[in-house]
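Chains as they are written, first to last, in our numbering: chain H, 1 to 496; chain V, 497 to 992. Ideal Cβ placement from N, Cα and C applies to all residues, glycine included. Have a look at the structure below before the remarks.
There are 2 protein chains.
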Amino acid sequence: MTDYQELEARHRRMSAIGGAISILGWDQSVMMPDGGAQSRAEQVSALSLIVHEMQTAPDMDDLISSAENDNGLDEWQRANVREIRHGWVHSNAVPADLVDRKIMARSACEMTWRSARAENDFAKLEPQLTDLLAIIREVAAVKAEAFGCGLYDALLDSFDPCRKSADIDVLFAELLTFLPGVLDQVLEAQNAASPILLPEGPFSIEAQEALGRQVMELFQFDFDHGRLDVSLHPFSGGTPDDSRITTRYAEDDFTQSLMAVVHETGHAQYERGLPKAWRGQPVGQSRGMAVHESQSLLFEMLAARSPEFIGYISPTLREVFGGSGPAWEDDNLLRLYHKVERGLIRVDADELTYPLHVILRYRLEKDLINGDLAVRDLPEAWSEGMRELVGVVPETDADGCLQDIHWPGGAFGYFPTYTLGALGASQIFAAAKSQDDGIMAGIAKGDFSNLLTWLRANIHGNACKLMPDQLIEQATGAPLGTAAFKAHLEARYLRG
Amino acid sequence: MTDYQELEARHRRMSAIGGAISILGWDQSVMMPDGGAQSRAEQVSALSLIVHEMQTAPDMDDLISSAENDNGLDEWQRANVREIRHGWVHSNAVPADLVDRKIMARSACEMTWRSARAENDFAKLEPQLTDLLAIIREVAAVKAEAFGCGLYDALLDSFDPCRKSADIDVLFAELLTFLPGVLDQVLEAQNAASPILLPEGPFSIEAQEALGRQVMELFQFDFDHGRLDVSLHPFSGGTPDDSRITTRYAEDDFTQSLMAVVHETGHAQYERGLPKAWRGQPVGQSRGMAVHESQSLLFEMLAARSPEFIGYISPTLREVFGGSGPAWEDDNLLRLYHKVERGLIRVDADELTYPLHVILRYRLEKDLINGDLAVRDLPEAWSEGMRELVGVVPETDADGCLQDIHWPGGAFGYFPTYTLGALGASQIFAAAKSQDDGIMAGIAKGDFSNLLTWLRANIHGNACKLMPDQLIEQATGAPLGTAAFKAHLEARYLRG
């Protein structure tokens, strides 16, 4: 066995353990009784530790070096070695005791966050978030040294490999040149027009679920390789050949759960489309969270909320829920799915205001990591940022800086990927449409086969062969930018 | 850290991985889409291999020897070391390549068995079962040498530790002194009486499930630490703090699913009652399959099918299913749950004929393992044995030697535990009742708290501190025998 083959064998095993962890995570959110929490934590911790031990085995560096000098490798194998090295640097940079401290602090902080948010009590969270932040800054420092980059970029790299905050600064600054103006215009027009009507429920969970499955089938979700279930927050998990997506249902509003299903189907289709030949290897994985989010948002925002698809699905909605009257007319349903609002809560935001929420979090987490903002000053900084960026100010911390799990969960550097994903979605969708006239014609008939074929060939099937920016550039002919997103917003919201 | 503590730490990790494997196994039977089979096999195989590597680590023998000579250990710790040694001998006896060959042969054989049974084609299974048997005999040979025992006893030991086939021969011979006669008498009386009526369905799955949950609550199943779901064959899985039990429903008959639920609840309550202080250690596990089956059969056969409980639950059955008329009368429902029949299928057998099915399999598998019977001669030997023991002969192999998954699944030495469990159940229940008058009085009111308290103290809480025979003897005052079973059958079926 060559050193390269040895690396493949080890990563195949690590990937199998990772798949097990993923299924156990799904089970925890969807199936597990509360009393199973302790034993589940022990299971996942044992498996995670085994992966960490394998990844930081003493001979790993030499094996990778040897593979890096193996001239017999093909393009994919070389990319695999590059990804293996990249993952190794991340794991190896962090000493075992720091890994332990991070896991403990994160777990304590996340638990406190749940009650602090419920009780709207930021003071309760502050000490533990301060401790966790200190540990995350330690992690950032050792990784920054290993990668030779800044603190924040070292964290960002885990979620969107090789992305630099300097690039994000440029992209987000560009967004701010037009988003506020577009938002003003859209709101003005929306307010001047007749009110948008929300169809009146109740809508049975059974009917909503059946509709969700029907729409998943349209998006070619393969139920022989996946499931749809219910969880507190929608997510996509499992493995490429065993997708587990979830949604949640509200009896008084079917519109949210339906789009959540489409969104998670976008994530699942990305995983499902990863190259079968590279299952279990680092190069065969998805290309980070920004690209992942581009695929879910492309399905949800670009395809499913398009006038073409809303026009196609509206008769089905009326039929499934027995709806009739003005709220159920095609035009109202389309306006409902394009409704814009200055709101307090990120996860409820529309695609126009969502980036403003993200920019706020991005600014704050950069300052936290760089030591320019203390946790205790977070509520005030949050309010100021909301006033400036979104134009509304939370009355409570529960609706403010306590709303997201990311920071208490130790995920700093994750937030920008939502908006990078939105930019990518627009740019990729525009490229796809320009290369295949059949895509929009198909969507208007509920047929996503042309779109999926294009995505399989240009995004999914490339896995981690290229870096994220190269992948976008190869697929769309240009580096990631804001132009396509701007054009999409203008087309959808200003020419309507 | 002492060597003993090191052993505890390693076994804690192995147990956590084992728990993960158990949850993944449940998921596979209950949740997983078919297309997930390949990735699941890879996950479970990776985790199983890790446990095997840990268990056969080069320093393990020395660590155990050191702990065996550690005078500072208390009684439970010493028992833990004994169990660790016992598990080590099992794992260490079998070379890695034989483990691999067994896994491969078993997986191929089990797959072939599924279609062979469906197609009633024993010839299709024969070559692969022959191969698998050869490998199992190799395993038996290396274990027999390690333990210094016979081939069959070496396999038996995995399922009922320290049990000897010589003891089973005696017990089963005793059973054959009275079972055939009792069976004749019961069938004669049953045929002479008015026909037993099966309540007419359909019975909605929802109502059956709600009833199952209600009965589980009576048996004090803790839904904060467990779930009830549906699978092709009922089973009990998960972990002590996260029990996953399943049943299956037939719309034309609620009686089977209800008793399956009680049976699996018995298994789950045993696991749940294992001592919390010894979670994750070999000494904290259940005491083998015979004791396990004694707990499920005690719940199902002794408690739930008792006249007291059937009397208690009959009004509920009528209410839940809206039943009325002769089939729904207390007396008919009791006779239904005590119905006896010479049948072809083990899993459908009543408690009188079940041991006869088991004795047949026990004889045949002993001969197979000892080389006294070839796989190709199995169908004929099966028919002869059925004629002699049960008094009916299958017309097809599907209803004969193809009916059970055990042998194609590589499990030789498992079958006797069903009947050893039945003997244990009667003996334990008799002891419990003789020590606590409140047990039957409680059952008559649907209150199982006295019974459960007694089982927790005398069986569940002892885990693996004692060997199976010692456990039974300590709890009941006598070694495992057939007297209590005989007395139970005569009381229930002959004095009715």
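{"Query": "Three-state secondary structure assigned by DSSP to residue 978 (chain V)", "Result": "coil"}
{"Query": "Beta carbon proximity, residue 161 (chain H) to chain V, threshold 9 angstroms", "Result": "no"}
{"Query": "Selection from H:317, H:17, H:79, H:74 that minimises the alpha carbon distance to residue 49 (chain H)", "Result": "H:17"}
{"Query": "CB contact below 9 angstroms: residue 527 (chain V) versus chain H", "Result": "yes"}
{"Query": "Through-space distance from residue 150 (chain H) to residue 433 (chain H), alpha-carbon basis", "Result": "38 angstroms"}
{"Query": "Below-9 angstroms beta-carbon distance, residue 969 (chain V) vs any chain H residue", "Result": "no"}
{"Query": "Segment contact flag, the segment 308-322 of chain H with the segment 104-120 of chain H, C-beta cutoff 8 angstroms, min 3 pairs", "Result": "no"}
{"Query": "4-residue-minimum alpha helix (DSSP H) runs that sit fully inside the segment 760-819 of chain V, ordered along the chain", "Result": "784-793, 803-817"}
{"Query": "Residue interval of the alpha helix (DSSP H) (run including residue 545 (chain V))", "Result": "533-551"}
{"Query": "Three-pair Cβ contact test at 8 angstroms for the segment 444-456 of chain H versus the segment 402-411 of chain H", "Result": "no"}
{"Query": "Min CB distance residue 240 (chain H) to chain V below 9 angstroms", "Result": "yes"}
{"Query": "Interface residues of the segment 714-742 of chain V facing chain H [CB-CB below 9 angstroms]", "Result": "718, 719, 720, 721, 722, 723, 725, 734, 735, 736, 737, 738, 739, 740"}
{"Query": "Sequence-distant residues of the same chain with beta carbon closer than 7 angstroms to residue 575 (chain V), five excluded per side", "Result": "779, 960, 961"}
{"Query": "Whether residue 732 (chain V) touches residue 917 (chain V) by CB criterion (9 angstroms)", "Result": "no"}
{"Query": "C-alpha gap between residue 666 (chain V) and residue 498 (chain V), whole angstroms", "Result": "44 angstroms"}
{"Query": "Cβ-Cβ distance between residue 265 (chain H) and residue 221 (chain H) below 9 angstroms", "Result": "yes"}
{"Query": "Simplified DSSP assignment, three categories, for residue 870 (chain V)", "Result": "coil"}
{"Query": "Contacting residues, own chain, Cβ-Cβ under 8 angstroms from residue 618 (chain V) (five flanking each side not counted)", "Result": "612, 874, 875, 893, 897, 898"}
{"Query": "Min CB distance residue 595 (chain V) to chain H below 9 angstroms", "Result": "no"}
{"Query": "Residues bridged to residue 971 (chain V) (per DSSP)", "Result": "BP columns for residue 971 (chain V) are empty, so no partner."}
{"Query": "Amino acids of chain H, ordered along the chain, whose beta-carbon sits closer than 7 angstroms to that of residue 509 (chain V)", "Result": "46"}
{"Query": "Chain H contact residues for residue 535 (chain V), given Cβ-Cβ distances below 7 angstroms", "Result": "19, 239, 241, 242"}
{"Query": "Residue range of the unbroken beta strand (DSSP E) whose run includes residue 230 (chain H)", "Result": "226-230"}
{"Query": "Residues near residue 506 (chain V) in its chain [Cβ-Cβ closer than 7 angstroms; skip 5 each side]", "Result": "550"}
{"Query": "Residue 600 (chain V) to residue 593 (chain V) span [Cα, whole Å]", "Result": "11 angstroms"}
{"Query": "Residue 227 (chain H) versus residue 216 (chain H) - alpha carbon distance", "Result": "10 angstroms"}
{"Query": "Amino acids of chain V, ordered along the chain, whose beta-carbon sits closer than 7 angstroms to that of residue 400 (chain H)", "Result": "Those do not exist, as residue 400 (chain H) stays about 34 angstroms from chain V at its closest Cβ, beyond 7 angstroms."}
{"Query": "Touching by the beta-carbon criterion (3+ pairs, under 8 angstroms), the segment 175-192 of chain H and the segment 472-491 of chain H", "Result": "yes"}
{"Query": "Beta-carbon gap between residue 338 (chain H) and residue 429 (chain H) smaller than 9 angstroms", "Result": "no"}
{"Query": "Enclosing beta strand (DSSP E) for residue 436 (chain H) [first to last residue]", "Result": "Here residue 436 (chain H) belongs to no beta strand (DSSP E), and DSSP marks it neither H nor E."}
{"Query": "Terminal residues of the beta strand (DSSP E) in which residue 236 (chain H) lies", "Result": "236-239"}
{"Query": "Collapsed DSSP secondary structure at residue 453 (chain H) in the structure displayed", "Result": "helix"}
{"Query": "Residue range of the unbroken alpha helix (DSSP H) whose run includes residue 121 (chain H)", "Result": "Residue 121 (chain H) -> no alpha helix (DSSP H), and no H or E assigned at all."}
{"Query": "Contacts around residue 810 (chain V), its chain only, beta-carbon distance under 7 angstroms, and the 5 residues preceding and following it disregarded", "Result": "826, 829"}
{"Query": "Identity of the residues DSSP links to residue 244 (chain H) by a beta bridge", "Result": "H:227, H:237"}
{"Query": "Interface positions of the segment 824-850 of chain V facing chain H (Cβ-Cβ less than 7 angstroms), listed along the chain", "Result": "none"}
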